[in-house]
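Top to bottom, those sequences are chains A and B.
For the record, in the first sequence the residue sitting at position 299 is 299 according to the numbering used here, with numbers rising by one throughout.
All you need for the numbering used here is the position in the second sequence, starting with 1, plus 334.
Built from N, CA and C at the ideal position, the CB exists for glycine as well.
I have placed the structure first, in the form of structure tokens, so that the comments after it can refer back to it.
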Amino acid sequence: MDRFRMIFQYFQSNSESVMNGICGLLALASVKMYTSFDFSCPCLPRYNMAYGLGIMFVPPIALFLCGLILNRQSLVMLEEWRRPQGHRKKDLAVIRYMCSSIMQRAMVAPVVWIIVTLLDGKCLICAFSGSVDPQNFVGFANTSPVQVQHLLAKVPCKDDELVRNNTSRKAVSRYLRCWSQALGWSILLILILAAFLARWLRPCFNQAALLQARHWSNYIDIEQKIFEETCCEHSRLFAHKCILHFFESMRQEIKLHSFSLPREGEGAEGEEDLLRGITDQDQVNKLLKMWYYEKPPLDVSQVTQRHPPGRERSPLPWADSPGTRSKFPQHTDV
Amino acid sequence: MDKFRMIFQFLQSNQESFMNGICGIMALASAQMYSAFDFNCPCLPHYNLAYGLGILLVPPFILFLLGFVLNNNISMLAEEWRRPRGQRGKDPAVLRYMFCSMAQRAMIAPVVWVSVTLLDGKCITCAFCTSLPVETLGNASHTGLSRGEMKRVLARIPCKEIYDGQEFIANEVAVRYLRCISQALGWCFVLLMTTLAFLVRSLRPCFTQAAFLKSRYWSHYIDIERKLFDETCAEHAKSFAKVCIQQFFEGMGTDLAAARCHPPRKTPADAEEAAEKLLGITDQGTMNAALKSWHRCKPPLHLHSPALPSSNGWAGEKQPPVHPPAPRREVAAYYSRV
């Protein structure tokens with residue numbers, strides 16, 4: 001019982017921090033992925049926009065889905081949402097609370113990716129180099145439209161022979177990067193302000209309902225963990241009893257068939273208990289063979305009654321009854 | 335037993351984080367393997383495609399199989415699948431659950447390999463450089479090269495040092511184009527896999543939760559039962575060995591006393607415990623004889639009760655255990671199989 005309480009406290013205090021930890025790890029992974037990703041703009045008229053915007057928006061979607069997958073609470077929330085009502089009513093406020101907390105955590109890594117992309121600037125330069133007004137730049141002002149599109153598409157590629165020493169290329173690049181960084185910082189500022197206001201103003205609106213929702217969402221989470229743990233404990237005990245029962249049945253069979261073992265209980269009683277009546281190579285071999293060929297039924301109720309009146313429920317494999325004969329596999333007769 | 339139980343419960347309760355950790359490690363190992371691999375495009379017309387696609391597809395297949403081989407539960411699954419029915423029915427849902435969870439873990443490393451390969455771009459560049467649309471990207475219209483010649487020139491795109499088609503199509507333009515396609519494919523693949531994983535994980539509670547709980551419980555049960563049975567057998571073997579050796583030494587002591595024709599020395603009461611531990615062997619010659627006998631003539635695997643006089647094999651040949659004629663068919667089969 002003490003152990004249960006210790007584990008319970010561990011889970012309660014750590015559920016939130018484990019989730020926050022995963023969220024932080026995913027954000028760091030997002031930054032690391034971006035820095036190790038080799039961005040190479042195709043520098044072709046129609047491909048630039050697709051590539052640039054693709055790199056800016058597709059990985060965040062994947063990161064968002066990753067954030068949902070790695071978060072254990074999303075499964076808990078889904079189960080709570082889809083379960084049949086039964087004896088326990090469903091509280092939609094709790095489900096909404098869980099949903100919003102999951103979404104907030106899952107949004108961190110995509111937002112980090114987008115902001116890092118914007119602050120770096122390469123994506124926007126690649127995507128929008130073909131959309132600037134060429135009249136603003138001296139080097140591109142007096143060329144034909146087709147040619148100018150072609151040249152502008154090459155702007156992100158510094159080493160391309162067409163635009164290598166073109167000062168207007170650098171001007172376009174600086175211009176777009178400036179816009180990109182401004183956008184990046186603005187988004188960051190807005191998000192931080194929004195988070196700040198949300199946290200600060202939350203107590204002003206319906207604090208009691210929020211406390212209740214948080215408590216019950218925590219409860220559902222812990223309840224599920226403890227249920228899983230209890231199931232594990234139960235299956236361990238079940239297995240233990242099943243195996244003991246199996247050894248006991250073997251011991252009884254040996255008692256029935258062999259005359260050379262007067263079990264008077266003298267000598268090393270402790271060791272005999274552990275030996276469970278199996279004291280012979282043949283007996284051990286038989287036990288192992290029986291374990292493979294005929295696993296005992298999943299029914300440990302026999303263990304609680306030492307001398308069951310009738311053996312209808314789980315007949316021993318070698319019991320000579322018509323009911324079991326048909327189940328006896330043919331290949332034990334070697 | 336207690337320590338095993340504690341550790342086991344810890345792992346079970348942290349199963350989710352344990353499994354996530356394993357998956358993360360496999361993903362990192364896969365990425366590290368790719369970066370340590372020295373990619374060398376052959377730069378020849380037909381070899382490029384084979385090499386590029388081979389590097390893209392063969393290691394993931396190997397990693398997938400390795401994921402199964404390295405998983406301890408594969409033998410458990412095979413055993414449960416192949417065992418005779420006996421008294422316990424087989425539930426195909428449990429087998430399916432075990433197989434699916436193993437397959438999901440085994441898929442992580444191959445998916446990471448394919449993603450990293452596509453995002454890096456070298457494989458696709460190598461494999462598809464001969465299929466480049468030269469008309470749109472370069473100026474192939476005014477060359478007099480045949481298709482075979484053109485293919486040979488294009489095949490050298492990944493090898494910058496020997497590329498000689500700069501006037502048809504610039505090397506950087508071609509590489510950028512192919513890498514862009516490769517990275518687009520890579521990100522689409524990543525998105526597809528993540529979406530699949532998300533759907534698999536989130537649709538389950540909506541449809542089959544009760545069956546899932548059942549399968550999960552019984553698959554854990556089979557695992558725990560197997561481990562407990564192994565542990566019980568190990569304990570039994572230890573006790574068996576202890577009693578066997580003890581009886582061997584006792585037999586030695588008895589034989590010695592009989593051979594010397596004098597009763598065993600009476601030890602004082604306070605030294606009895608130490609004398610017991612000596613098991614009747616008190617000098618070098620006897621000990622040597624005991625060790626030789628242990629090596630030459632190990633006792634039979636048949637523990638007898640202490641009241642009966644026993645032959646431990648020291649005096650002569652091993653005697654087979656005597657058993658009554660078996661009245662039943664099954665028992666006869668058991669005893670004849672040594």
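Please confirm whether residue 390 of chain B and residue 448 of chain B have their CB atoms less than 8 Å apart. yes
Test item: CB-CB of residue 204 of chain A and residue 43 of chain A under 8 Å: no
Other residues of its chain near residue 547 of chain B: CB distance less than 8 Å, five sequence neighbours each side excluded: none
Is the Cβ-Cβ distance between residue 431 of chain B and residue 550 of chain B less than 8 Å? yes
Pick out the complete beta strand (DSSP E) segments inside the region 175-228 of chain A, 3 residues or longer, and give them in chain order. none
Buried or exposed, going by whether 16 or more other CB atoms sit within 10 Å of the CB of residue 382 of chain B? buried
For residue 532 of chain B, return the contacting residues in chain A, with the cut-off set at a CB-CB distance below 8 Å. 65, 68, 69
Would you please verify whether the beta carbon of residue 198 of chain A is less than 8 Å from any beta carbon of chain B? no
Exposed unless 16 or more other CB atoms sit within 10 angstroms - verdict on residue 242 of chain A: buried
Output yes if chain B places a C-beta closer than 8 Å to the C-beta of residue 128 of chain A; else output no. no
Any heavy atom of the ligand SAM within a distance shorter than 7 Å of the CB on residue 60 of chain A? This structure lacks the ligand SAM, and indeed carries no ligand of any kind.
Cβ of residue 54 of chain A less than 8 Å from any chain B Cβ? yes
Near residue 118 of chain A, which residues of its chain fall below 6 Å by C-beta distance, leaving aside the five closest residues on each side in sequence? 180, 183, 184
Whether or not the region 167-178 of chain A and the region 145-156 of chain A are in contact is what I'm after, with contact meaning three or more pairs of Cβ atoms, one per stretch, closer than 8 Å; do they touch? yes
Rounded to the nearest angstrom, what separates residue 578 of chain B and residue 277 of chain A at their Cα positions? 14 Å
Does DSSP put residue 554 of chain B in a helix, in a strand, or in coil? helix
Using Cβ-Cβ distances below 7 Å, what residues of the region 235-246 of chain A are close to chain B? 235, 236, 238, 239, 240, 242, 243
Shorter than 8 Å from the beta carbon of residue 637 of chain B to some beta carbon of chain A? yes
Measure from the alpha carbon of residue 135 of chain A to the alpha carbon of each residue in A:126, A:128, A:173, A:145, then state which is nearest. A:145
Mind checking residue 6 of chain A: buried by the 16 CB within 10 Å criterion, or exposed? exposed
Taking the C-alpha atoms as reference points, what is the distance between residue 105 of chain A and residue 441 of chain B? 26 Å
Under 8 Å: do the region 410-428 of chain B and the region 453-462 of chain B share three or more Cβ pairs, one atom per stretch? no
For residue 20 of chain A, does the count of other Cβ atoms within 10 angstroms reach 16, so buried, or fall short, so exposed? exposed
Can you list the residues of chain A that residue 540 of chain B reaches, using a CB-CB cut of under 8 Å? 78, 82
Going by DSSP, what residue range makes up the alpha helix (DSSP H) through residue 636 of chain B? Note, residue 636 of chain B: premise wrong, no alpha helix (DSSP H); not H, not E.
Excluding five sequence neighbours on each side, which residues of the same chain lie with their C-beta closer than 6 Å to the C-beta of residue 499 of chain B? 487
First and last residue of the uninterrupted alpha helix (DSSP H) at residue 120 of chain A: 92-120
Beta carbon of residue 464 of chain B, beta carbon of residue 504 of chain B: below 8 Å? no
For residue 280 of chain A, the residue or residues it bridges with in DSSP: B:636
Identify each residue in the region 487-500 of chain B for which the Cβ-Cβ distance to at least one residue of chain A is less than 7 Å, and report them in chain order. none
Residue-chain proximity (residue 511 of chain B, chain A), Cβ-Cβ < 8 Å: yes
In chain order, what residues of the region 400-432 of chain B put their CB closer than 9 Å to some CB of chain A? 413, 417, 418, 419, 420, 421, 422, 423
Run through DSSP, which three-state label would residue 310 of chain A get? The pLDDT assigned to residue 310 of chain A is 40, lower than 50, so where the model puts this residue is not dependable; a value taken from the coordinates is nonetheless given after this. Looking at residue 310 of chain A - three-state DSSP - the assignment turns out to be coil, as it is neither helix nor strand.
With C-beta atoms as the reference, is residue 379 of chain B less than 8 Å away from residue 485 of chain B? yes
is_contact[residue 307 of chain A, chain B] using C-beta, thresh 8 Å: With a pLDDT of only 40 at residue 307 of chain A, under 50, the local geometry of the prediction cannot be trusted, and the value read off the model is given with reservation. Residue 307 of chain A does not count as touching chain B.
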